[in-house]
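Chain order of the listed sequences is W and S. Just so you know, we're using this note's numbering here: the first sequence kicks off at 1 and counts up by one. Just so you know, we're using this note's numbering here: the second sequence kicks off at 283 and counts up by one. Here a beta-carbon is modelled for each residue, glycine too, at the ideal position from N, C-alpha and C. These numbers come from a predicted model, not from an experiment. Report on the following structure.
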Amino acid sequence: MVEKRRWLDVLSYAVVIAGIVVIAFPVYLALIASTHTAEAVEAAPMSLIPGDLLIDNYRKVLFEGGDIGSRAPVGRMMLVSLTMAVGIAVGKIIISLLSAFAIVYFRFPLKHFFFWMIFITLMLPVEVRITPTYEVMSDLGLLNTFPGLIMPLIASATATFLFRQFFMTVPDELAEAARIDGAGPMRFFFTILVPLSVTNIAAMFVIQFIYGWNQYLWPLLITTSEDMYPIVIGIKRMIGGGDAANEWNLIMATAILAMIPPAIIVLLMQRWFIKGLVETEK
Amino acid sequence: MASIEFQDVRKSYGTNQVVHGITLTVANGEFVVLVGPSGCGKSTLLRMVAGLEEISSGTIRIGDRVVNDLEPKDRDCAMVFQNYALYPHMSVYENMAYGLKIRKLAKAEIDRRVNEAATILELDGLLARKPRQLSGGQRQRVAMGRAIVREPAAFLFDEPLSNLDAKLRVQTRLEIQKLHRRLRTTSLYVTHDQVEAMTLAERMIVMNAGRAEQVGTPDDVYSRPATTFVASFIGSPPMNLFEGRTSADGRTFTAKDGVQIALPDAVPALAGRELVMGLRPEHMQPGGRGLEMRVETVEVLGAEHLIHGIVAGNDIIVRTGPQDHPAPGSMLALGFTARAVHWFDATTRQRIDA
Chain W
1 MVEKRRWLDV
11 LSYAVVIAGI
21 VVIAFPVYLA
31 LIASTHTAEA
41 VEAAPMSLIP
51 GDLLIDNYRK
61 VLFEGGDIGS
71 RAPVGRMMLV
81 SLTMAVGIAV
91 GKIIISLLSA
101 FAIVYFRFPL
111 KHFFFWMIFI
121 TLMLPVEVRI
131 TPTYEVMSDL
141 GLLNTFPGLI
151 MPLIASATAT
161 FLFRQFFMTV
171 PDELAEAARI
181 DGAGPMRFFF
191 TILVPLSVTN
201 IAAMFVIQFI
211 YGWNQYLWPL
221 LITTSEDMYP
231 IVIGIKRMIG
241 GGDAANEWNL
251 IMATAILAMI
261 PPAIIVLLMQ
271 RWFIKGLVET
281 EK
Chain S
283 MASIEFQDVR
293 KSYGTNQVVH
303 GITLTVANGE
313 FVVLVGPSGC
323 GKSTLLRMVA
333 GLEEISSGTI
343 RIGDRVVNDL
353 EPKDRDCAMV
363 FQNYALYPHM
373 SVYENMAYGL
383 KIRKLAKAEI
393 DRRVNEAATI
403 LELDGLLARK
413 PRQLSGGQRQ
423 RVAMGRAIVR
433 EPAAFLFDEP
443 LSNLDAKLRV
453 QTRLEIQKLH
463 RRLRTTSLYV
473 THDQVEAMTL
483 AERMIVMNAG
493 RAEQVGTPDD
503 VYSRPATTFV
513 ASFIGSPPMN
523 LFEGRTSADG
533 RTFTAKDGVQ
543 IALPDAVPAL
553 AGRELVMGLR
563 PEHMQPGGRG
573 LEMRVETVEV
583 LGAEHLIHGI
593 VAGNDIIVRT
603 GPQDHPAPGS
613 MLALGFTARA
623 VHWFDATTRQ
633 RIDA
């Protein structure tokens, strides 16, 4: 719209600011709470000015853990979360790239059947198959292990579908030129298809990293020992049940820490894949 | 370098046969153009040589090897695609070197070949660029370079000029010609553009609906078309064709709707037959007493005029010098010599030499 009316400008700014406040205020509150003592956070109303325990609180959660509920250090949790998120993202990308490659570039019996099987699993979220999956993982003795955390979440119809769509836009002549140049299928895959997919891989990595980082239900089932808790579970476990007073300052610090890695990934990769979007030409 | 030999090569998709038995030998070092309208099977034939399409029956030999069951990489052919198919993420150098690296050539040898090709194709300053930083003509040259560095037994060109603008196409056509004269590599070139075919070919194959209608030098194909299809496909504007019957004395030709065309010389051998008579636009000249045409429009091309008109319900084109400019709607008498007439059988559509 190119309308120029002052009150309209004011109104749109008001809406934008309201939106930002609604989203940003809780984060701000968490940040402030993480700099006070537990008692100061409990007090009503809580102070909206930063306290002086920023470093102390974060050092305590990162390396020592809370005193109530879960006592695992958050540093360990973040390492678990990071391993899980990276594992899921990388695993998903590898599996999806390969399966999309098979579906688009090869002719084999029941190809369409397999494609539709993959497609149909799009409709089945983790929660639906969680009980049988737990059974399988438990039989394999993978409870409380990284493979147990990561493997069931790797299969991804969404990513396979995305890469399939991308591969279909790559001109057939590219594959033919590579064949004539003497490249076998895997060589074509690694030296041509994967480099061309960099943009999509970056986008997929961001999405899947955040997906992996935010997993709650599956880790809740499969991990029972504190040193295998991802941070998302850790936050929940730090909130003690019953009447116990919670160390809200430490919980908030943990929450803030949980937000940082996904934010970093988005910021880093954003530069990457925008660059890719601008430069890629098929 | 090697010859390419087709022995009754056929291609079908299910029950749909698209190439109906091509037999042909492309001699070592020869430049042969496959020309025909879209869907005539010319690209399919080329792709069968490259190994990108299976050969349904018959054999293709490159040199003395039957290549039917060989992988594309083992056929020692290099191909230039219509859309060039350059690897977008690789530099010009890498694009050209890719095939050589896979073949495990020494670095120095790769370097030598790429630089040599770049010099021939005037790509010297562009080796570090990516394909997207090049113009259409430059991309085309990189595609050619990728073929040259391989030093293959044969070059296969699949309409390599159709993505270029008219001016560049003419220029690149000449460059391909020069290149061939220099390298003398056996070349098979597919195009739907008959001008391209005429100018590039040492021999050409005119294809229609999966069959080779005629194989010959451009000169041969133009002056002695083997069928009515070749007659109307080769030449721009195309040959004028009249369906009809010769009189019993062989002195006149009566076209379908009764229009009489006086023949300069009697053709007693063809008297009283159902025939197709063909006349090239440049062989019909105003004046003379052959036939009369109602003028529709005149296309002024500078050096020549194309006079469009109607004779016996057929659209006719006459090519004249710039001095002739008849008014639309007027009648124009046209003459021709006996030597200019092409005769074809009305049912078999084959050429008859009177």
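Taking 8 Å as the threshold, the shortest C-beta distance from ARG179(W) to chain S falls below it. Assignment of MET566(S) by DSSP, reduced to helix, strand and coil, places it in the coil class. Of the residues assessed, ASN57(W) falls on the buried side of the cut-off, its CB having 16 or more other CB atoms within 10 angstroms. Within the region 182-200 of chain W, the residues whose Cβ lies closer than 9 Å to some Cβ of chain S are GLY182, ALA183, GLY184, ARG187, THR191, ILE192, PRO195, LEU196 and VAL198, listed in chain order. Within chain S, the residues ASN365 and ALA367 have their CB atoms less than 7 Å from the CB of PRO171(W), given in chain order. In the structure shown, the three-state DSSP call for GLU226(W) is helix.
Taking every protein chain shown into account, the CB of TYR369(S) has 16 or more other CB atoms within 10 angstroms, so this residue is buried.
Checking the DSSP bridge columns, you'll see VAL104(W) has no partner listed.
Between TRP218(W) and the set ALA157(W), ILE93(W) and TYR134(W), the nearest pair of CA atoms involves TYR134(W). GLU135(W) is outside the set of residues whose beta carbon lies under 8 Å from a beta carbon in chain S. For ILE49(W), no alpha helix (DSSP H) run applies, since DSSP gives it neither H nor E. For THR158(W), the enclosing alpha helix (DSSP H) starts and ends at 157-169.
Contact of LEU97(W) with chain S is not assigned, every C-beta pair being separated by 8 Å or more.
Collapsing the DSSP output to three states places ASN57(W) in a helix.
If you check the CB distance, ARG329(S) and GLY381(S) do not come in under 8 Å.
Taking the Cα positions, THR454(S) is about 49 Å away from GLN208(W).
Interface annotation, LEU31(W): not in contact with chain S, CB-CB separation never under 8 Å. Residue environment analysis places LYS386(S) among the exposed positions, since fewer than 16 neighbouring C-beta atoms fall within 10 angstroms of its C-beta. For GLU127(W), no chain S residue has a Cβ inside 7 Å of its Cβ, as the nearest lies near 40 Å away.
Judged by pairs of C-beta atoms under 8 Å, the region 556-564 of chain S touches the region 596-603 of chain S, as three or more such pairs exist.
Shown here, LYS293(S) sits in a strand according to DSSP, grouped into three states. Contact check between the region 474-489 of chain S and the region 198-216 of chain W: fewer than three CB pairs, one atom from each, fall below 8 Å, which does not count as touching. When beta bridges are read from the DSSP output, GLY591(S) appears opposite VAL577(S) and ILE598(S). In the three-state reduction of the DSSP assignment, LEU561(S) falls in the strand class, which pools E and B. For ILE402(S), the enclosing alpha helix (DSSP H) has its first and last residue at 389-402. For THR341(S), the enclosing beta strand (DSSP E) has its first and last residue at 339-344.
For PHE626(S), the CB contacts under 6 Å within the same chain, skipping 5 residues up- and downstream, are THR510, VAL558 and ARG633 in chain order.
Using a Cβ-Cβ cut-off of 8 Å, MET361(S) is close to GLU176, ALA177 and ILE180 of chain W, given in chain order.
No residue range can be given for PHE618(S), since it is assigned to no beta strand (DSSP E) and is classified by DSSP as neither H nor E. In the DSSP assignment, MET361(S) falls within the unbroken beta strand (DSSP E) covering 359-362.
With a beta-carbon spacing of about 4 Å, GLY591(S) and MET575(S) fall inside the 8 Å limit used to define contacts. In the three-state DSSP reduction, THR510(S) falls in the helix class (H, G or I).
Annotation: the continuous alpha helix (DSSP H) that includes MET117(W) extends over 111-121.
Distance from SER320(S) to ARG292(S) at the Cβ level is roughly 20 Å; contact not present, criterion being Cβ atoms closer than 8 Å.
Separation of the CB atoms of VAL362(S) and MET283(S) is rounded to 17 Å, and the pair is thereby denied contact status at 8 Å. Under the Cβ criterion (8 Å, minimum of three pairs), the region 607-627 of chain S counts as touching the region 501-518 of chain S.
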